[in-house]
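The working numbering puts the sequence shown at residues 1 to 86.
Even for Gly, the Cβ is constructed at its ideal location relative to N, Cα and C.
Presented below is the structure to which this report refers.
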Amino acid sequence: MTSLLKQNCKTMIFLMQSLILLLTACAPAVKNPLPLEQLTAQTANTPQEEYLIQRGDQLDVKFFYNTQLNEQVTVRPDGRISLRRA
1 MTSLLKQNCK
11 TMIFLMQSLI
21 LLLTACAPAV
31 KNPLPLEQLT
41 AQTANTPQEE
51 YLIQRGDQLD
61 VKFFYNTQLN
71 EQVTVRPDGR
81 ISLRRA
């Protein structure tokens, strides 16, 4: 009975190690990561200002599922944009 239990434990350990190896192999690689101190200092010092779209602004309008409708438009004097229809 104990030999069967030992075999099951070894099998479970092997499966867990295989799963961990598989998951780490599928993880994305981070190239040249910033140190945490530098990253927090960088984000803390940059103020986040809100921007309002204004007349004359150029906008790139992109459609995820229909790239044929992507276009660059200019904001009209009334603050609206016009898009072509499909």
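C-alpha distance - residue i paired with residue j, whole-angstrom precision
i	j	result
PHE14	LEU21	11 Å
GLN58	VAL73	6 Å
VAL61	GLU71	5 Å
ARG80	GLN38	41 Å
LEU4	MET12	12 Å
SER18	ASN32	28 Å
LYS10	THR2	12 Å
Option nearest residue i by Cα separation, candidates the options
i	options	result
LEU69	SER82, ASN32, MET16	SER82
ARG55	MET12, ARG84, LEU4, ARG76	ARG76
THR67	LEU4, ARG84, ILE53	ARG84
ILE53	ASP78, THR2, LEU4	ASP78
7 Å Cβ cutoff, residue i in contact with chain C
i	result
PRO35	Judged by its chain identifiers, the structure shown contains no chain C, having just a single protein chain.
Those residues which DSSP pairs with residue i across a bridge
i	result
GLU71	VAL61
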